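Every letter in the sequence shown is one number past the one before it in numbering that gives the first Met the number 0, and letter 129, counting from 1, is 128.
Backbone N, C-alpha and C define an ideal beta-carbon position, used for all residues, glycine too.
Treat the numbers as computed from the prediction; the structure is a model and nothing was measured.
To start, the structure itself, in structure tokens.
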Amino acid sequence: MIRVLKKEDNDIVMDFISKESEFNLFIIGDIENYGYDEEFQTLWGEFDDDGNLIAVLLKYYEYRIFYSRDEYDIDGFVKILKKEDFKVLSGNKEIVKDFKKYFNFKKQRDLYFCALDKKDKLEEIDQNKNIKKLEAKDATEIMNLYNIIDEFSNFSGDAERMKKEYKEGSSRGYGIFEDGKLVSMAKTTAENKYSAMIVGVCTHPDHRKKGFASECMKKLCTNLIDEGKSLCLFYDNPSAGKIYKGIGFEDIGMWTLLNR
0 MIRVLKKEDN
10 DIVMDFISKE
20 SEFNLFIIGD
30 IENYGYDEEF
40 QTLWGEFDDD
50 GNLIAVLLKY
60 YEYRIFYSRD
70 EYDIDGFVKI
80 LKKEDFKVLS
90 GNKEIVKDFK
100 KYFNFKKQRD
110 LYFCALDKKD
120 KLEEIDQNKN
130 IKKLEAKDAT
140 EIMNLYNIID
150 EFSNFSGDAE
160 RMKKEYKEGS
170 SRGYGIFEDG
180 KLVSMAKTTA
190 ENKYSAMIVG
200 VCTHPDHRKK
210 GFASECMKKL
220 CTNLIDEGKS
230 LCLFYDNPSA
240 GKIYKGIGFE
250 DIGMWTLLNR
């Protein structure tokens, strides 16, 4: 049986998704930050005959994330997905691949999924670089930087949503500014009391090969690990992967995004 999940289900949901907390960081973070009653967020769960939760689907704005460890009613979840328009379905590669035959996805992006929980390899931050903590008022600068970087061509967020995340504490970041313009940055998303996802690691094309992104990453990761949080991130760029592994991240699996 598949049904909408409510706050009364929270203990069951958290117990289920925490078994693989790294892969469910987005779901955990969105539940902690927004709960079960927001218009832009809905969760569905499938229960077996014994009442055990066996699958979860998250709607967060135009994004959908699916998770399961067992056999599930894929036809039932496909019906739910088809009722509302969505732009991206994502999740563990081995799980979401089953949905490909039901939708005309225009693009598939497979990403390495890696994690960090110790700062042993985080070198001392270069104090000569002007690293600044990003705030809600910097959202427009962040969007301007994204707009000139090829890797962010499919980014569908907006400045107002980003401001909301910074104000609510579900996101934080560090950046380097030159002449008042943001030229490099790293930020979090889906941040919760246990963990955070590192996203938006980028540098303006005119300012690359200066170590800016690495310094922003070091500052952000040190800040989060000092709070006792574990960190996760995605990458598909070998150069980026080299940076991440150089500060201690290790691959733990693959994550797939299916774009309509």
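- Contact check between the region 45-61 and the region 228-240: fewer than three CB pairs, one atom from each, fall below 8 Å, which does not count as touching.
- In the same chain as Ile26, and ignoring 5 residues on each side of it, the C-beta atoms closer than 7 Å to its own belong to Ile16, Val55, Leu57, Ile64 and Tyr66, in chain order.
- Residue Glu140 holds the alpha-carbon nearest to the alpha-carbon of Met184 among Tyr101, Glu140, Phe39 and Leu121.
- Lys186 places its beta carbon 9 Å or farther from that of Ile175.
- Restricting attention to Val95, Leu88, Ile79 and Tyr243, the CA atom closest to the CA of Asp69 is found in Val95.
- In the structure shown, the three-state DSSP call for Ile147 is coil.
- Per the C-alpha coordinates, the member of Cys201, Gly252 and Phe112 positioned closest to Glu150 is Cys201.
- By the Cβ-count criterion, Val3 is exposed, with fewer than 16 other Cβ atoms from all chains shown falling within 10 Å of its own Cβ.
- Straight-line measurement puts the Cα of Lys120 at about 13 Å from the Cα of Lys218.
- For the set Lys208, Met161, Met13 and Lys209, the Cα lying nearest the Cα of Asn143 is the one of Met161.
- If you check the CB distance, Glu93 and Met216 do not come in under 9 Å.
- In the three-state reduction of the DSSP assignment, Arg63 falls in the strand class, which pools E and B.
- Here the C-alpha atom of Glu19 lies approximately 33 Å from the C-alpha atom of Ile130.
- Residue nearest to Asn146 within the set Asp109, Pro204 and Leu110 is Pro204 (criterion: CA-CA distance).
- Listed as beta-bridge partners of Val55 by DSSP are Gly44 and Tyr66.
- For a cut-off of 8 Å, the C-beta gap from Ser169 to Gly28 is around 6 Å, short enough to register as a contact.
- The DSSP-derived three-state label of Ile16 is helix.
- Gly179 has its alpha-carbon roughly 17 Å from the corresponding atom of Arg207.
- In the three-state scheme derived from DSSP, where H, G and I count as helix and E and B as strand, Ala135 is classed as helix.
- Between the region 3-14 and the region 32-41, the count of Cβ pairs shorter than 8 Å is three or higher; the stretches touch.
- Only buried fits Ser213, as 16 or more other CB atoms lie within 10 angstroms of its CB.
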